[in-house]
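See below for the structure under consideration.
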Amino acid sequence: MGMGPIDERDISASGAVPQVLPRAGWVRVRSGCWVPPESRVVVDPVARHRILLEASIRRMSAEGAVSHQSAAVLRGLPVWGYSLDRVHVTRRHIREGQRGRYVRVHCAPYRDDETDEIDGMRTLSAQRTVVDLARCGPPHAVVATGDAAAQRFSVTRRELRAALGYAVGRQGYHTALRVLDLIDGRSESVGESRSRMIMADARLPEPELQTIVLDETGRSIGRVDFCFPDFGVIGEFDGGFEYGCTMTPDADPSAVIQREKRREAQLRDLGWQVVRWTWLDLDKPDLLTARLRRALTAGTNPAGAILRAPRPD
């Protein structure tokens with residue numbers, strides 16, 4: 004048997020007794036569907052949702068398209084901050100949404116050209132996925148998903164606003180408009196997106212993103228996550244896999260870390276203040292913004308120059 008969801012009827016047909024599956028380490032993802040113990044679904048909520056999605060779609064007979072956070076999972080977009088306990092599907096030929104134990108059915112129009120097929124499942128587009136989430140999802144989570152869609156699929160704010168057209172007069176339309184204007188594909192991780200939203204909530208000055216810092220000779224010192232050029236402050240989010248993302252398979256992690264330390268020393272030598280934080284700091288936004296505010300208040304006038312990354316349309 005494979006790693007995907009397996010129907011109890013198929014298990015019984017193979018000669019096994021479904022009642023003994025829990026003792027053997029099998030995991031039930033929904034009524035009548037199980038996965039073997041070696042599946043990642045045991046520990047990975049995204050993998051578990053993907054399995055639940057496959058199992059639920061098999062049992063659905065009505066027309067519809069995978070949507071919301073379920074569509075984000077299928078497209079490999081981040082789903083930090085969303086509940087993954089139900090599969091989300093949108094249907095255009097029902098009068099109102101329906102919420103079941105495993106499936107949440109939304110009622111909304113969509114065009115055929117707003118869908119494509121992923122692993123045999125009809126799925127709403129990346130643009131429509133972000134828009135649907137923006138109407139009802141947590142703003143910080145929506146921005147993280149939207150930033151990733153902008154970066155990976157070149158989704159633009161203009162396309163998002165056009166995709167939102169179906170929702171004029173519907174609940175969540177104005178909320179979505181505000182959230183969509185915050186999406187910026189220059190943020191390269193959920194942590195960077197969350198950091199940006201924390202700064203916006205605290206009404207800190209808007210930082211430049213992915214700025215290249217030059218020394219007095221015009222030599223590049225490196226690219227930084229957040230830059231406040233008028234205050235001489237640089238912000239760096241240190242994600243748990245930050246160094247790993249920039250390394251080749253045979254790279255020495257300690258050498259990468261030492262290179263980062265040298266780069267920071269060069270930035271400080273130019274007069275920049277550097278504020279660093281980690282994922283854990285994002286759960287204490289008041290402390291993080293207080294650190295940034297102190298650095299901004301101190302202010303410096305660093306030497307060298309910067310190259311700004313283009314802003315989104």
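Residue numbering for the sequence shown follows the working numbering, starting at 4 and increasing by one per position.
Built from N, CA and C at the ideal position, the CB exists for glycine as well.
Bear in mind that the values here come from a model prediction, so they are computed numbers and not experimental data.
What would DSSP say about residue 214, mapped onto helix, strand or coil?
On the sequence shown, position 211 is the one that residue 214 refers to. Correct three-state label for residue 214: strand.
Is residue 276 helix, strand or coil by DSSP?
Walking along the sequence shown from the start, residue 276 turns up at place 273. Correct three-state label for residue 276: strand.
Output needed for residue 225: all residues of its chain with C-beta closer than 6 Å, excluding positions within five of it in sequence on either side, in chain order.
As a position in the sequence shown, residue 225 is number 222, starting the count at 1. Counting only Cβ-Cβ distances below 6 Å, and skipping sequence neighbours, we find 266.
Of all the options 270, 295, 166, which has the alpha carbon lying nearest to the alpha carbon of residue 214?
The residue you call residue 214 lines up with position 211 of the sequence shown. That would be 270, whose Cα lies nearest to the Cα of residue 214.
Within 7 Å, strictly: CB atoms of residue 129 and residue 219:
Walking along the sequence shown from the start, residue 129 turns up at place 126. Walking along the sequence shown from the start, residue 219 turns up at place 216. Contact annotation: residue 129 and residue 219 have beta-carbon atoms that are not nearer than 7 Å.
By Cβ distance, which residues of its chain are closer than 6 Å to residue 300, with the 5 residues on each side in sequence left out?
By 1-based counting over the sequence shown, the position of residue 300 is 297. The beta carbon of residue 300 lies closer than 6 Å to none in the same chain, with the five residues before and after it left out.
For residue 264, I'd like the list of residues in its chain whose CB is within less than 7 Å of its CB, leaving aside the five on either flank, ordered along the chain.
Here residue 264 is taken as the residue at index 261 of the sequence shown, counted from 1. Around residue 264: no qualifying Cβ.
Does residue 248 come out as helix, strand or coil in the three-state DSSP assignment?
Translated into the one-based positions of the sequence shown, residue 248 becomes position 245. For residue 248, the pLDDT reaches just 45, beneath the cut-off of 50, and the residue's location in the model is therefore unreliable, although a value from the coordinates is still provided. Of the three classes helix, strand and coil, the one that applies to residue 248 here is helix, per DSSP.
Answer with buried or exposed for residue 200, where buried requires no fewer than 16 other C-beta atoms within 10 angstroms of its C-beta.
Here residue 200 refers to the residue found at position 197 when the sequence shown is read from its first residue. Buried: at least 16 other Cβ atoms inside 10 Å.
Please return the same chain residues whose Cβ sits closer than 7 Å to the Cβ of residue 242, not counting the five positions on each side in sequence.
The sequence position of residue 242 within the sequence shown is 239, counting from 1. Closer than 7 Å at the Cβ level, and outside the excluded window around residue 242, lie 192, 194, 282.
Could you check whether residue 112 and residue 169 sit closer than 7 Å to each other, using their CB atoms as the reference points?
Counting from one through the sequence shown, the residue named residue 169 turns up at place 166. Counting from one through the sequence shown, the residue named residue 112 turns up at place 109. Yes; because the gap between Cβ atoms is below 7 Å, this pair is in contact.
Check for me: the alpha helix (DSSP H) holding residue 178 runs from which residue to which?
Translated into positions along the sequence shown, residue 178 becomes position 175. That run of the alpha helix (DSSP H) goes 176–183.
Are the beta-carbon atoms of residue 87 and residue 48 separated by less than 7 Å?
One-based indexing of the sequence shown puts residue 87 at position 84. One-based indexing of the sequence shown puts residue 48 at position 45. Yes, the Cβ-Cβ distance between residue 87 and residue 48 is below 7 Å.
Is the distance from the Cβ of residue 303 to the Cβ of residue 238 below 7 Å?
The count along the sequence shown starts at 1 and reaches residue 303 at position 300. The count along the sequence shown starts at 1 and reaches residue 238 at position 235. In this structure, residue 238 does not lie closer than 7 Å to residue 303 by Cβ.
Hey, is the stretch 52–61 in contact with the stretch 75–91, meaning 3+ C-beta pairs nearer than 8 Å?
yes
Nearest to residue 119 by alpha carbon, out of 131, 108, 110?
Mapped onto the sequence shown, residue 119 falls at position 116. The shortest Cα separation from residue 119 among 131, 108, 110 belongs to 131.
Buried/exposed call for residue 171, threshold 16 Cβ in 10 Å
If you number the sequence shown from 1, residue 171 lands on position 168. So residue 171 ends up on the exposed side.
Could you give the first and the last residue of the continuous alpha helix (DSSP H) run that contains residue 73?
In the sequence shown, counting from the first residue as 1, residue 73 sits at position 70. Start and end: 71–77.
I'd like the span of the beta strand (DSSP E) that includes residue 238, first residue to last.
Residue numbering aside, residue 238 sits at position 235 when the sequence shown is read from its first letter. Run containing residue 238: 236–241, per the beta strand (DSSP E) assignment.
Taking DSSP as the reference, what is the three-state secondary structure of residue 292?
Here residue 292 refers to the residue found at position 289 of the sequence shown. Here residue 292 sits in helix by DSSP.
Which of helix, strand or coil does DSSP assign to residue 115?
The sequence position of residue 115 within the sequence shown is 112, counting from 1. If DSSP states are grouped into helix, strand and coil, residue 115 belongs with the helices.
Cβ-based burial, residue 123 [other Cβ within 10 Å; buried from 16]:
In the sequence shown, residue 123 corresponds to position 120, counting from 1. Classification of residue 123: exposed, given that the 10 Å Cβ count is below 16.
C-alpha distance - residue 146 paired with residue 289, whole-angstrom precision:
The sequence position of residue 146 within the sequence shown is 143, counting from 1. The sequence position of residue 289 within the sequence shown is 286, counting from 1. When rounded, the distance between both Cα atoms is 20 Å.
For the alpha helix (DSSP H) that contains residue 167, what are its first and last residues?
Stepping through the sequence shown from its first residue, residue 167 is reached at position 164. Premise fails: residue 167 is in no alpha helix (DSSP H) and is neither H nor E.
Terminal residues of the alpha helix (DSSP H) in which residue 126 lies
Within the sequence shown, residue 126 is the residue found at index 123, counting from 1. Per DSSP, residue 126 is not a residue of any alpha helix (DSSP H); the beta strand (DSSP E) it occupies stretches across 124–127.
What number of angstroms, rounded off, separates the C-alpha of residue 74 from the C-alpha of residue 240?
Position 71 of the sequence shown holds residue 74. Position 237 of the sequence shown holds residue 240. Cα-Cα distance, rounded: 28 Å.
Relative to the alpha-carbon of residue 308, which residue among 182, 257, 221, 280 has its alpha-carbon at the smallest distance?
In the sequence shown, counting from the first residue as 1, residue 308 sits at position 305. For the residues 182, 257, 221, 280, the minimum Cα distance to residue 308 belongs to 221.
Suppose the cutoff is 6 Å on Cβ atoms and the five residues either side in sequence are ignored; what does the same chain contact list for residue 245 look like?
Position 242 of the sequence shown, counting from 1, holds the residue named residue 245. Below a pLDDT of 50, predicted positions are generally treated as unreliable, and residue 245, at 43, falls in that range; no measurement from the model is reported.
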